[in-house]
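**Student:** Dropping a structure here in structure tokens format, bear with me for questions.
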Amino acid sequence: MSVPIMEIRNATKIYSTGTIGSGKKVVALQDFNLTIDEKPATITTIAGESGSGKTTLANVVLGFITLTSGQIIYKGQDIATMNDQQRFEYRREVQAVFQDPYEVYNPFYRVKHIFELAIQRFKLSKSKSESRDMIEDALKVVGMRGEEVLEKYPHQLSGGQRQRMMVARAYMLKPRIIVADEPVSMVDASLRAMILDIMLHLRDDYGISFLYITHDLSTAYQIGNDIHVLYQGMVAEKGDTPKVIENPRHPYVQLLINSIPVPDPNVKWDTSLKLPSEEEMRASAKSGCRFYPRCPYRMDRCLQALPPLYDIEAEHQAACYLYDEEAQPAQAATQRQTQR
Amino acid sequence: MTTLQTETNGAAPAAQTRQVVLNVNELRVHYNTTRGDVIAVNGISFQVYQGETIGLVGESGCGKTTTAMAILRLIQPPGRIVGGRIQLEDIDLAALNEKQLRAVRWRKLALIPQGAMNSLNPVMRIKNQLGDAITTHVGRMSKEALKQRILDLLNQVGLPARVYDMYPHELSGGMKQRVCVAMAIALNPPLIIADEPTSALDVVVQRVVAQTLMDVKQRLNVSMILIGHDMGLQAQLVDRLIVMYAGNIVEIAPVKKAFGTPLHPYTQLLIASIPSIKEKKPLKVTEGLTHDLRNPPPGCVFQLRCPFAREVCRAAKPPLKEYARDHLAACHIYDQPALFPDVQQPNLQEA
Amino acid sequence: MATLTAESSTAPAKLGINRWDSPWLNGKLIAGLIIIVLIALLGVFGELFWDLRLARVGTSPQDLPPAFMPGGTWEHPLGTENSGRDMMAVLMVGAPRSLRIGLIAATIGMVVGVVLGCIAGFLGGTIDRIILIFSDAWITIPSLVVLITISAYVRQIQAETMAFLIAMFAWPGPTRLIRAQVLTLRERGYIRMARLSGANTFDVIFREMMPNMLPYIAASFTGNVSGAILASAGLEALGLGPTRIPTLGMTIYYANQASAVIRGMWWWWGLPILLLGLIFSSLFLIAIGLDEVANPRLRGLTKQ
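One line per chain: the protein sequences are A, B and C, in this order. Note that the working numbering has the first sequence beginning at 1, numbered continuously upward. Note that the working numbering has the second sequence beginning at 1, numbered continuously upward. Note that the working numbering has the third sequence beginning at 1, numbered continuously upward.
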């Protein structure tokens, strides 16, 4: 029986915009649930486009913003009610790698600063040489050598080097979970593979779980275990990554996967695929399914209430009424699938 | 207008005349820094034919955007064009002064810049922005004719007529990007340069904009240079691919050959590292860094990362040679195959 | 192993220092700093070069022109004024003193500004709004009017009192500047990274943010110094400054009282103005020098 290390329960984040009292609210994340097991370590993908709530989720897990409602339970303790000691431990054990490998370095300091600050604050070592060994050790995991890079300033390193050092820093703190927020979207293709490979290595050999936040389904497909595809703050489809990506069932996820440019000049986009006007695509339904305005299979029912997650198969769920077996068979969507 | 008779080699289809729209010859761009010149573009040559889409790909810092800026003569100090010829139709771009350049930009040569949608003026209605672009280059025209022209442009990029009266903030990213496409085609230029025109957009919107771009391009039969790093998008959109590495062109190939039988090891690496959504494959990890662009080592630019590099690669720079019809590469493996007995030669005559 | 890495790391480290330090070797910055430091040193070591007691009333003959003019003497190279003060001594005492008032006022304003700006930018919410409204409102108060009123009431004003009075109006600018800086820096990736490294608020402000704000703080500080000197000279020229010890503004006031302009005693009123101009110019040089240091685009260097 697996023990969860982190549980996200009904996480909801609502932002009020405009001046106080105008009452305009934006739901960034709604009723999000996720469990990460203690063992074995996994890479869980949170995929979505801009405005899907994936970055909100990352910020919530990292403690940069607080939830409007719902809980994040870490080792049986709600992070909102942790005492200082527990919070300190949580800080160290839940680390992050961000999108922009330049922004995360303070330009004033040499790059070793990111390691030294963490060692100092978390009191990880007793002596200079001990911390030096720790840093070298971490750098070795990402295939770098301290003497070549540590004394340099951030702008003197390449983007790939900077991002690998960020991973090394996260690893050095011996975290249990690393939130990787678009870690490869700003590195070059040839280095992308290297970073993803390091992630796999950390998962398999060091038991570090990842929350891989991305808009790029292809990299998720290559390395991820479970995937949650978000659309405007809601989970549209979730499950085992190959199952979801090879056989997407939610109309949004189908559209999304269909729109990824195939890196094969012999398989051209079928230009016949028509998309609704963009205003329609932007507008979300006031109640009911968020994807209603864009959905080719929309039904009256979709407007009445949010569709819950329906089981498609083992480890594969989609939030769409097409898969409500009690109501009607989901013919339309399956037909579409076979066409694809 | 220049015409160029392409060389045909036996198996290839009958001789065919293609009009060269843009001819870049030995273009060289340097950037001044306190520690010497960075060679951003190192004497590159290529042609763009009438009606074709050229993809310009490579890592960040390989010189692809610099190349585009040099063609537009928009290189800012500390950068400067050190040498080379840029011939657009019958105009020698390198020889023009600032005033003549202004006349040529937009009318002959339009740019869709990176993050173009942020380049729209937030306090001007779309009609005025498009109108200004047209009138400054074509001269005054009647209000009715101008309006008709703008509406026609909006229609061409698939935007509804009411966009005419709107402000940029009322439009989504994809719509703004299409307004920029409309601006680029406003004066029917023979060549459009698009620098990562869809990079900041969501996947679905990216597809809409990319398709719009291609539709328009086909309808107007203009040529286009599409700069980008997304190989998937390149595969979908371009006819020929130019692969750059560290300021040099390492391969020029028709897109199907570039993806099917890439010649240069760097192109091979680039193609192999595209994450696929169709099949799960082991990640291909390569080590190695690009050399310092201030003082390139003698020999091949890719030698530090090339899995096949050997003595000849460190000694001499391989020439960019045509190995199959329209398929050029700069690599000793094909130039001097005798030195690479262990490397399998691809079947170049294949389709 | 530790020693080995330490040794081998010295080479790249040196490289880093050289490259990083080069922008600070800015000609304008250095020229401005040298002049300001020289003037400040006059206040400390002036005694070694000239008898500063000559700045007192009646220590020298009256109304002597500078040495190179007919009737001038090398005893008093810059001449004397009508109450028997030696101009050389007056300037050597007055210039550092004016500078000092400016420095004190600007320092107080800056410290208050940094503290309030950090609090406002960092905590946000109601406190931010209160501080912002208060400093915005304060800026609208015409400072000279208030200063004149207060100075007129306070008898026997000291140089320090003067500095405090001016400092009262020197804090809102820095407050707003620092607040804006904190607000933009707060969202930077490296601030988030520092938090993930367990940094507390003190660390974040002083270790992560402050070094990056230093050029702005310094530029704003030099601007404030000139502002404060200008304000103090203005008050003094109106006769509202310290009366016992000469400052540059006070000298202008006395010259004006004695109709020095009409009497053709240009050295009396002209030299202090010249010196004030010199101070302002060098402060300005420092400010634009710092601007070039902080803003790489101005110094024509490219990233990487």
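For each residue, glycine too, the CB sits at the ideal point set by N, CA and C. Quick caveat: nothing in here was measured; it's all calculated off a predicted structure.
Let me make sure I understand the geometry here. Which of 288/A, 153/A, 175/A has the alpha-carbon closest to that of residue 30/A?
**Tutor:** If you number the first sequence from 1, residue 30/A lands on position 30. Of 288/A, 153/A, 175/A, the residue nearest in Cα terms is 288/A.
**Student:** For a cutoff of 7 Å on Cβ pairs, would you count residue 117/A as touching chain C?
**Tutor:** Translated into positions along the first sequence, residue 117/A becomes position 117. It does; some Cβ of chain C falls within 7 Å.
**Student:** What distance in whole Å lies between the Cβ atoms of residue 198/C and residue 91/A, which are believed to be in contact at a cut-off of 8 Å?
**Tutor:** Counting from 1 along the first sequence, the entry for residue 91/A is found at position 91. Counting from 1 along the third sequence, the entry for residue 198/C is found at position 198. So it is a contact: roughly 5 Å between Cβ atoms.
**Student:** Between residue 340/B and the rest of its own chain, which residues show a CB-CB distance below 6 Å, the 5 nearest in sequence each way excluded?
**Tutor:** Along the second sequence, read from residue 1 onward, the residue named residue 340/B stands at position 340. 333.
**Student:** Taking DSSP's pairing of strands, which residues face residue 238/A in a bridge?
**Tutor:** Locating residue 238/A in the first sequence gives position 238, where the first residue counts as 1. In the DSSP assignment, the residues bridged to residue 238/A are 228/A, 317/A.
**Student:** Taking the straight line between their C-alpha atoms, what separation do you get for residue 26/A and residue 281/B?
**Tutor:** Locating residue 26/A in the first sequence gives position 26, counting from the first residue. Locating residue 281/B in the second sequence gives position 281, counting from the first residue. Taking the straight line joining both Cα atoms gives about 40 Å.
**Student:** May I have the straight-line CA-CA distance separating residue 332/A from residue 322/A, to the nearest angstrom?
**Tutor:** On the first sequence, position 332 is the one that residue 332/A refers to. On the first sequence, position 322 is the one that residue 322/A refers to. Annotation note: pLDDT 48 at residue 332/A (below 50); position unreliable, no value reported.
**Student:** So which residues on chain C does residue 230/A lean against when the C-beta distance must stay under 9 Å?
**Tutor:** Here residue 230/A refers to the residue found at position 230 of the first sequence. Within 9 Å Cβ-Cβ: nothing; residue 230/A doesn't reach chain C, min ~22 Å.
**Student:** Could you tell me whether the stretch 75 to 95 of chain B touches the stretch 159 to 166 of chain B, using the rule of 3 or more Cβ pairs below 8 Å?
**Tutor:** no
**Student:** Can you tell me the Cα-Cα spacing of residue 284/C and residue 222/C, whole angstroms?
**Tutor:** Counting from 1 along the third sequence, the entry for residue 284/C is found at position 284. Counting from 1 along the third sequence, the entry for residue 222/C is found at position 222. When rounded, the distance between both Cα atoms is 7 Å.
**Student:** Using a Cβ cut-off of 8 Å, pull out every chain C residue sitting near residue 64/A, in sequence order please.
**Tutor:** Along the first sequence, read from residue 1 onward, the residue named residue 64/A stands at position 64. Chain-order list of chain C residues neighbouring residue 64/A: 192, 195, by C-beta distance under 8 Å.
**Student:** Is residue 322/B helix, strand or coil when you go by DSSP?
**Tutor:** In the second sequence, residue 322/B corresponds to position 322, counting from 1. If DSSP states are grouped into helix, strand and coil, residue 322/B belongs with the strands.
**Student:** Using a Cβ-Cβ distance cut-off of 7 Å, determine whether residue 92/B contacts chain A.
**Tutor:** Taking the second sequence and counting its residues from 1, the one referred to as residue 92/B is at position 92. The C-beta of residue 92/B comes no closer than 7 Å to any C-beta of chain A.
**Student:** Just to confirm before moving on: does the CB-CB distance between residue 209/B and residue 158/B stay below 7 Å?
**Tutor:** For the purposes of this step, residue 209/B is identified with residue 209 of the second sequence, where counting begins at 1. For the purposes of this step, residue 158/B is identified with residue 158 of the second sequence, where counting begins at 1. Not in contact: residue 209/B and residue 158/B (Cβ atoms no closer than 7 Å).
**Student:** Would you call the CB atoms of residue 365/B and residue 121/B closer than 7 Å?
**Tutor:** Outside the displayed range of chain B (1 to 351) lies residue 365/B, so it cannot be described from this structure.
**Student:** For chain C, check one thing: does any of its Cβ atoms lie closer than 7 Å to the Cβ of residue 74/A?
**Tutor:** The residue given as residue 74/A occupies position 74 in the first sequence. No, residue 74/A lies away from the interface with chain C (no Cβ there is under 7 Å from its Cβ).
**Student:** Hey, quick one: how far does the alpha helix (DSSP H) through residue 148/B stretch, first residue to last?
**Tutor:** Taking the second sequence and counting its residues from 1, one reaches residue 148/B at position 148. 143 to 156 is the extent of the alpha helix (DSSP H) around residue 148/B.
**Student:** Flag this pair as yes or no: are the beta carbons of residue 36/C and residue 220/C separated by less than 7 Å?
**Tutor:** Taking the first residue of the third sequence as position 1, residue 36/C is located at position 36. Taking the first residue of the third sequence as position 1, residue 220/C is located at position 220. Their beta carbons are not under 7 Å apart, which means residue 36/C does not touch residue 220/C by this criterion.
**Student:** Could you name the residues of chain A that residue 134/B contacts, counting a contact when the two beta carbons are closer than 8 Å?
**Tutor:** The count along the second sequence starts at 1 and reaches residue 134/B at position 134. Within chain A, no residue comes near residue 134/B; the closest Cβ sits about 24 Å away, beyond 8 Å.
**Student:** Identify which residue in 26/B, 200/B, 247/B, 261/B has its Cα closest to the Cα of residue 118/B.
**Tutor:** As a working note, residue 118/B is residue 118 in the second sequence. The shortest Cα separation from residue 118/B among 26/B, 200/B, 247/B, 261/B belongs to 200/B.
**Student:** Give me the Cα-Cα distance between residue 120/C and residue 266/A, rounded to the nearest whole angstrom.
**Tutor:** As a first step, residue 120/C is located in the third sequence; it is residue number 120 there, counting from the start. As a first step, residue 266/A is located in the first sequence; it is residue number 266 there, counting from the start. Those two C-alpha atoms are separated by around 59 Å.
**Student:** In whole angstroms, give me the CA-to-CA distance for residue 2/C and residue 163/A.
**Tutor:** Here residue 2/C refers to the residue found at position 2 of the third sequence. Here residue 163/A refers to the residue found at position 163 of the first sequence. Confidence at residue 2/C is low in this model, with a pLDDT of 35, below 50, so the placement of that residue should be treated as unreliable; the coordinate-derived value is given next. Each residue's alpha carbon lies about 25 Å from the other.
**Student:** Return the first residue and the last residue of the alpha helix (DSSP H) that residue 223/C is part of.
**Tutor:** Walking along the third sequence from the start, residue 223/C turns up at place 223. First-last of the alpha helix (DSSP H) with residue 223/C: 210 to 237.
**Student:** With a threshold of 7 Å on Cβ separation, who are the neighbours of residue 358/B within its own chain once the five nearest residues in sequence on each side are excluded?
**Tutor:** Outside the modelled stretch of chain B, which goes from 1 to 351, sits residue 358/B, for which no answer is possible.
**Student:** Which residue wins for smallest C-alpha separation from residue 171/C, given the options 135/C, 122/C, 159/C, 208/C?
**Tutor:** Translated into the one-based positions of the third sequence, residue 171/C becomes position 171. Checked all of 135/C, 122/C, 159/C, 208/C; the closest Cα to residue 171/C is 135/C.
**Student:** Is the CB of residue 216/A under 7 Å away from at least one CB in chain C?
**Tutor:** Walking along the first sequence from the start, residue 216/A turns up at place 216. No - not a single Cβ of chain C is within 7 Å of the one on residue 216/A.
**Student:** Would the stretch 297 to 313 of chain B and the stretch 237 to 248 of chain A be scored as touching if the rule is three or more Cβ pairs under 8 Å?
**Tutor:** With the cut-off at 8 Å, the stretch 297 to 313 of chain B and the stretch 237 to 248 of chain A do not touch.
**Student:** Using DSSP with H/G/I as helix, E/B as strand and the rest coil, what is residue 8/A?
**Tutor:** Counting from 1 along the first sequence, the entry for residue 8/A is found at position 8. Residue 8/A falls in the strand class under three-state DSSP.
**Student:** How many Å lie between residue 89/C and residue 28/C at the Cα?
**Tutor:** Walking along the third sequence from the start, residue 89/C turns up at place 89. Walking along the third sequence from the start, residue 28/C turns up at place 28. Those two C-alpha atoms are separated by around 29 Å.
**Student:** Got a sec? Which residues, its chain only, sit under 7 Å from residue 248/C by beta carbon, not counting five neighbours each side?
**Tutor:** In the third sequence, counting from the first residue as 1, residue 248/C sits at position 248. Excluding residues within five positions, the ones whose Cβ falls inside 7 Å are 94, 95, 98, 233, 272, 275, 276.
**Student:** By DSSP, does residue 69/C sit in helix, in strand, or in coil?
**Tutor:** Position 69 of the third sequence holds residue 69/C. Residue 69/C falls in the coil class under three-state DSSP.
**Student:** Name the two residues that bound the continuous beta strand (DSSP E) containing residue 226/B.
**Tutor:** In the second sequence, the residue the question calls residue 226/B occupies position 226. Note, residue 226/B: beta strand (DSSP E), 223 to 227.
**Student:** Quick one: is residue 292/B near chain A, going by C-beta distance under 7 Å?
**Tutor:** Taking the first residue of the second sequence as 1, we reach residue 292/B at position 292. Not an interface residue.
**Student:** Taking residue 358/A as the query, report the chain C residues whose CB atoms sit under 9 Å from its CB, ordered along the chain.
**Tutor:** This structure cannot settle anything about residue 358/A, because the visible part of chain A is limited to 1 through 340.
**Student:** Quick one: Cα of residue 21/C to Cα of residue 208/C, how far?
**Tutor:** Along the third sequence, one-based indexing puts residue 21/C at 21. Along the third sequence, one-based indexing puts residue 208/C at 208. With a pLDDT of 47 at residue 21/C, under the threshold of 50, the modelled position of this residue cannot be trusted; read the value that follows with caution. Those two C-alpha atoms are separated by around 19 Å.
**Student:** Evaluate residue 338/B with the Cβ neighbour count: other Cβ atoms within 10 Å of its Cβ, from every protein chain shown; 16 or more gives buried, anything less gives exposed.
**Tutor:** Within the second sequence, residue 338/B is the residue found at index 338, counting from 1. By the neighbour-count rule (16 or more Cβ atoms within 10 Å), residue 338/B is not buried but exposed.
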